[in-house]
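A.B. asks: For reference, the structure I am asking about is given below.
Residue numbers (the numbering used here): 16 to 496.
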C-alpha cells in the first residue's frame, strides 16, 4: 500500500471512530435571536452598573507648554459618576460563539487637580466627558467535566473617540492648555479598565448564573433526570443550540440505557425565545427508570373504590362472572396487583404521544389470615394517549385510556368468560388507576432552566420522534414578588 493510500485509510478510520463516538442528545434546548436579545437586555443592565463602579487610579505627570515651561500635574479622587450604554446588540457568530457590540456609550467623571508651574501652585476640580465609546466583546461557550455550560471572554476591545476635560480654578484657562497631555492618558486607562470590568463581570456574574442550570434534577424519591451537555453549545446564524443527555435514571440503581437516542433535528421555528426538543428517548428512559424502581406496580383494594360505584372488590361481586368463587372463597375481599414485564414505550408522531402497555392483572382473595390466595391472571392491553403541557417550568401531562382488551393467562379457579369482566376493569382503570397516574403526571418533570426564569406563551407541537415545546422567557430578579 502506497503512502497516499495509507493516509486515506487512516483518515477513513478516524472518521469512522469519530462517528461511532458521536452521541445524539435526548433533549435539545434552542435559544433564538429573540431569546438572546432578551438575555442581552438583562446583561447590559448589569454591565452598566458594573462599569459605573469602576475605580480609577490617580494620574500624575508633567507636560511642557511652549513659552510657558514645564507643568507638573496630578489628578486625584477620580469619581465615575455615570456610565451609559444606550446602543448595543448581541450577534450569533456561527461555530464560534456570541459577540456583544456596544456603540456611542458615554461616561462622566469628576475629580480634583493640582498643578505646579515654577512658583505657581494651584488646585481645584475638573469635569471630564467621555463620548463615543465603542466596546466589542466576544463570548466563547463550552462545557466543563460535569456537563455544565461555561462561558468565557475570548476577546474584548474598547475604543474611546472623544475625551473632553474642563478645569475650574484661578488659572483654569492655563490648565485647559495642557488637556492634550491628560486626555490620551485618561483614554488609555479607561479603555483598559472597561475590558477588565467586562472580564470580571462575565466571571463573577454570568458564569455563576449559568451554573444554576441543573445538570441533574431530582424528581422524587425514585428518579432523576440527567441534563448534562453531551457537547459544547453550538451557534448558527439563527440560534444557539445546547444538546443535553436528556436521560431519566433510577436513584436506587443507575444502569446503562439499552438503546441509543435517535438523531433529533428541530424545525426552523423562531417565533419564541426558546425551544425545547424532548425526544422519545427522553420519555422512554423515564419509563425505564420508574419500572426499575418498582414504581409501575399498582395494587387495587376495596378501600380504594370510590363511593357511588355500586360494587365492592370482593368474591361476592366477581362470583356473578365466576360462579365457583362463591364456593371456593365465600364473601372474601380481593386485591388486584397490576405489573408490567417490561417498561412500556411510547411513540411520538404528528398525532401526539401514545403507548400500548401490556399489563398483567393478578387477582387474589384475601384470606381470614390476611394471606393471599391467587385466583386468576389476566393480560390487559389498550391504547393510551397523552396530553402534554408546560406549567411552572415543568412538563406536565395526563393520560387517556382507549378501548382495553382482556385475555386469560392463567386461572386457579377454573375457566370463565373473560369478556364479562371487561366493564369492571374499565371502571378500575378509569376511576382508580388513571387518577393516580394523572396526579403524578400533574406534578410534572422539571425543564432545564437556570435560576429565576419563568416561561410564558407556551407552544406544544408533535413531530416524528420528538415533542417540541416553545416559550418566551421572563427573568425574575431576586426579591421580586
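Just so you know, even glycine gets a beta-carbon here, dropped at the ideal spot from N, CA and C. Since this is a predicted model, take the numbers as computed values, not measurements.
Identify which residue in 331, 358, 348 and 416 has its Cα closest to the Cα of residue 272.
C.D. replies: The option with the nearest alpha carbon to residue 272 is 358.
A.B. asks: Counting Cβ pairs closer than 8 angstroms, one from the region 142–157 and one from the region 171–178, do we hit at least three?
C.D. replies: Short answer: they touch.
A.B. asks: Compute the Euclidean distance between the alpha carbons of residue 162 and residue 245, then round it to the nearest angstrom.
C.D. replies: The alpha-carbon atoms of residue 162 and residue 245 are separated by roughly 7 angstroms.
A.B. asks: What is the rounded straight-line gap between the Cα of residue 77 and the Cα of residue 85?
C.D. replies: About 7 angstroms.
A.B. asks: Would you mind working out which of 229, 66, 103 and 128 sits nearest residue 93, comparing C-alpha positions?
C.D. replies: Nearest of 229, 66, 103 and 128 to residue 93, Cα basis: 128.
A.B. asks: So the candidates are 483, 284, 335 and 403; which of them puts its Cα closest to the Cα of residue 12?
C.D. replies: What is shown of the chain runs 16 to 496, which leaves residue 12 out entirely.
A.B. asks: Is it buried or exposed, residue 349, if we count other Cβ atoms within 10 angstroms and call 16 or more buried?
C.D. replies: The residue in question, residue 349, is buried, as its Cβ has 16 or more Cβ neighbours within 10 Å.
A.B. asks: Sort 180, 461, 251 and 277 by Cα distance to residue 45 and report the nearest one.
C.D. replies: Residue 251 is the option with its Cα nearest to residue 45.
A.B. asks: What does a CB cutoff of less than 7 angstroms around residue 281 pick up in its chain, not counting 5 residues either side in sequence?
C.D. replies: Here the set comprises 43, 45, 290, 292 and 483.
A.B. asks: So, at 7 angstroms on beta carbons, what are the nonlocal neighbours of residue 14 in its own chain, with the 5 sequence-adjacent residues on each side left out?
C.D. replies: Outside the displayed span of the chain (16 to 496) sits residue 14, for which this structure offers no information.
A.B. asks: Terminal residues of the continuous beta strand (DSSP E) containing residue 366?
C.D. replies: Note, residue 366: premise wrong, no beta strand (DSSP E); not H, not E.
A.B. asks: If residue 237 sits next to residue 301, beta carbons under 8 angstroms apart, how far is it from one beta carbon to the other, in whole angstroms?
C.D. replies: Wrong, their Cβ atoms sit about 11 angstroms apart, outside the cutoff.
A.B. asks: Count the other C-beta atoms from every protein chain shown that fall within 10 angstroms of the C-beta of residue 288, then say buried if there are 16 or more, exposed otherwise.
C.D. replies: Residue 288 should be labelled buried.
A.B. asks: Taking just the CA atoms, how far does residue 394 sit from residue 420?
C.D. replies: C-alpha separation (whole angstroms): 8 angstroms.
A.B. asks: Run through DSSP, which three-state label would residue 122 get?
C.D. replies: Residue 122 falls in the strand class under three-state DSSP.
A.B. asks: In this structure, does DSSP put residue 485 in helix, strand or coil?
C.D. replies: Residue 485: strand per DSSP, three-state reduction.
A.B. asks: Indicate the three-state DSSP secondary structure (helix, strand or coil) for residue 226 in the structure shown.
C.D. replies: If DSSP states are grouped into helix, strand and coil, residue 226 belongs with coil.
A.B. asks: From the DSSP secondary-structure annotation, give me the bridge partner or partners of residue 130.
C.D. replies: Bridge partners of residue 130: 88 and 137.
A.B. asks: Looking at C-beta atoms only, is the number of pairs between the region 455–470 and the region 409–419 that lie closer than 8 angstroms three or more?
C.D. replies: Enough Cβ pairs lie closer than 8 angstroms, so yes.
A.B. asks: Could you check what DSSP says for residue 475 in three-state terms: helix, strand or coil?
C.D. replies: Correct three-state label for residue 475: strand.
A.B. asks: Short check: CB of residue 183 to CB of residue 140, under 7 angstroms?
C.D. replies: Yes, these two residues count as a Cβ contact at 7 angstroms.
A.B. asks: Tell me residue 114's beta-bridge partners as DSSP assigns them.
C.D. replies: Answer is 106 and 153.
A.B. asks: Can you tell me the Cα-Cα spacing of residue 253 and residue 212, whole angstroms?
C.D. replies: Computed Cα separation, rounded: 29 angstroms.
A.B. asks: Over what stretch of residues does the alpha helix (DSSP H) that includes residue 53 continue unbroken?
C.D. replies: Unbroken alpha helix (DSSP H) run through residue 53: 48–66.
A.B. asks: Can you tell me whether DSSP reads residue 373 as helix, strand or coil?
C.D. replies: If DSSP states are grouped into helix, strand and coil, residue 373 belongs with the strands.
A.B. asks: Hey, could you find the ends of the alpha helix (DSSP H) residue 338 is sitting in?
C.D. replies: Careful: residue 338 lies outside any alpha helix (DSSP H) and carries neither H nor E.
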